[in-house]
Amino acid sequence: MSEPQPTTKRNYLRVLLALVKPRIIELLLVTALPVLILSAKGWPDWQSVIAVVVFGTIAAAGANAWNSIIERETDALMTRTQNRPLVTGEISVKSSIVVAALLTFTSISGMFFIANAAAAMLTAAAIGFYVLGYTLLLKPRTNQNIVWGGIAGCFPVVIAESIVLGEVTVNGWLLFSLVFFWTPAHYWPLASHFKEDYARAAIPMLPVEKSNQVVAAWTLAYTVLTVINSLVIYFVIGLGAIFLIVAILAGIAFLLLSLRYLVKAKQDENASSMEVFHFSITYLAIIFIALAVDVLV
Numbered sequence: 065m066s067e068p069q070p071t072t073k074r075n076y077l078r079v080l081l082a083l084v085k086p087r088i089i090e091l092l093l094v095t096a097l098p099v100l101i102l103s104a105k106g107w108p109d110w111q112s113v114i115a116v117v118v119f120g121t122i123a124a125a126g127a128n129a130w131n132s133i134i135e136r137e138t139d140a141l142m143t144r145t146q147n148r149p150l151v152t153g154e155i156s157v158k159s160s161i162v163v164a165a166l167l168t169f170t171s172i173s174g175m176f177f178i179a180n181a182a183a184a185m186l187t188a189a190a191i192g193f194y195v196l197g198y199t200l201l202l203k204p205r206t207n208q209n210i211v212w213g214g215i216a217g218c219f220p221v222v223i224a225e226s227i228v229l230g231e232v233t234v235n236g237w238l239l240f241s242l243v244f245f246w247t248p249a250h251y252w253p254l255a256s257h258f259k260e261d262y263a264r265a266a267i268p269m270l271p272v273e274k275s276n277q278v279v280a281a282w283t284l285a286y287t288v289l290t291v292i293n294s295l296v297i298y299f300v301i302g303l304g305a306i307f308l309i310v311a312i313l314a315g316i317a318f319l320l321l322s323l324r325y326l327v328k329a330k331q332d333e334n335a336s337s338m339e340v341f342h343f344s345i346t347y348l349a350i351i352f353i354a355l356a357v358d359v360l361v
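Next comes the structure, spelled out in structure tokens:
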């Protein structure tokens with residue numbers, strides 16, 4: 065890794081944004097905000113929105129900053145991540161730790177004072193699980209890392225529900241499980257595309273240790289579970305026709321793309337998986353937007 069280099073004030077914001085990986089945060093908000101609407105049975109109050117948008121974003125930023133600190137050496141080995149600021153030396157480890165600690169403290173305390181104790185505890189659990197459970201323990205040790213480590217990405221929906229209700233209900237856990245099943249179907253295609261990077265960094269992602277066909281088969285399996293879960297949500301929560309139609313159409317598209325990936329992987333070990341990855345993001349956004357619209361209309 066490079067030695068820390070002087071960073072101008074003009075570029076410091078860019079460096080901080082790169083440290084906290086804002087693109088990951090966007091998807092968390094897409095899932096959390098509709099759950100506020102569902103839990104409030106309409107438009108939520110401004111405190112709830114602030115809790116999710118402001119302190120939820122800060123929490124995710126803090127978790128991502130810790131991840132960047134811990135993975136700085138492996139990031140240096142991977143083409144996809146070798147330009148991150150801790151690798152290039154645009155920010156020091158000490159400064160990054162200060163940023164991560166401040167973000168973590170601010171998010172948890174903000175959730176406590178703006179929302180409630182349940183939301184604060186779940187926020188702390190989400191950050192802790194992502195940093196300790198996934199980044200430190202699971203990711204470097206098992207090819208199922210993204211399955212169980214993906215639990216961290218499921219927390220925003222239950223945090224959002226707890227902000228409104230002060231607890232997590234069956235509805236929250238069903239939405240939690242939707243994101244849980246979706247995560248491997250979303251991330252394994254990306255990991256397959258960058259498997260040489262992961263192999264170079266000695267990270268045992270499933271595509272590093274198994275064939276592309278096996279990865280595609282598991283991707284399809286988790287896609288099936290995701291689509292089934294979306295239909296269970298419709299029946300248990302008691303949503304309307306808007307959600308059902310979107311869930312069916314988006315689910316069919318997701319299944320067909322995952323199936324096509326499997327067919328191509330059987331014929332070509334290097335078959336591309338990126339169309340599944342890209343559509344999986346669209347799928348999750350559509351499902352949660354449909355959830356919000358269904359409640360509001």
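Just so it is clear: in the sequence shown, position 128 is 192 by the working numbering, and no numbers are missing.
Glycine is no exception: its CB is placed at the ideal position from the N, C-alpha and C atoms.
Bounds of the alpha helix (DSSP H) holding Arg87 are 86-104. In its chain, beyond the 5 residues on either side, Pro271, Val272 have a beta carbon closer than 6 angstroms to the beta carbon of Lys259. Annotation: the continuous alpha helix (DSSP H) that includes Val357 extends over 338-360.
Burial check for Thr287: the Cβ neighbour count within 10 Å reaches 16 or more, so the residue is buried.
The C-beta separation of Leu348 from Leu323 comes to about 19 angstroms, leaving the pair out of contact by the 8 angstroms criterion.
Judged by DSSP secondary structure, Thr287 falls within the alpha helix (DSSP H) whose first and last residues are 276-301.
DSSP, reduced to helix, strand and coil, places Val232 outside both helices and strands of the structure shown, so it counts as coil.
Here Trp110 carries a helix assignment [DSSP, helix/strand/coil]. Pairing Ala184 with Phe193 gives a Cβ-Cβ distance that is not under 7 angstroms. Taking 4 residues as the shortest admissible run, the stretch 152-216 contains the following complete alpha helix (DSSP H) segments, listed from N- to C-terminal end: 157-174, 181-192, 209-213. If you ignore the 5 residues before and after Thr143, its C-beta comes within less than 7 angstroms of the C-beta of Asp261, all in its own chain and listed in chain order. The straight-line gap separating the alpha-carbon atoms of Gly153 and Leu166 is approximately 21 angstroms. Less than 7 angstroms divides the Cβ of Leu202 from the Cβ of Trp212. DSSP places Ala255 in the helix class (H, G or I) of the three-state scheme. Comparing alpha-carbon positions, the option among Gly174, Phe119, Leu83, Leu97 lying closest to Arg136 turns out to be Leu83.
Here Asn131 has Thr199 as same chain residues with Cβ atoms under 6 angstroms from its own Cβ, once five neighbours each way along the sequence are excluded.
The three-state reading of DSSP puts Ala311 in helix, counting H, G and I together.
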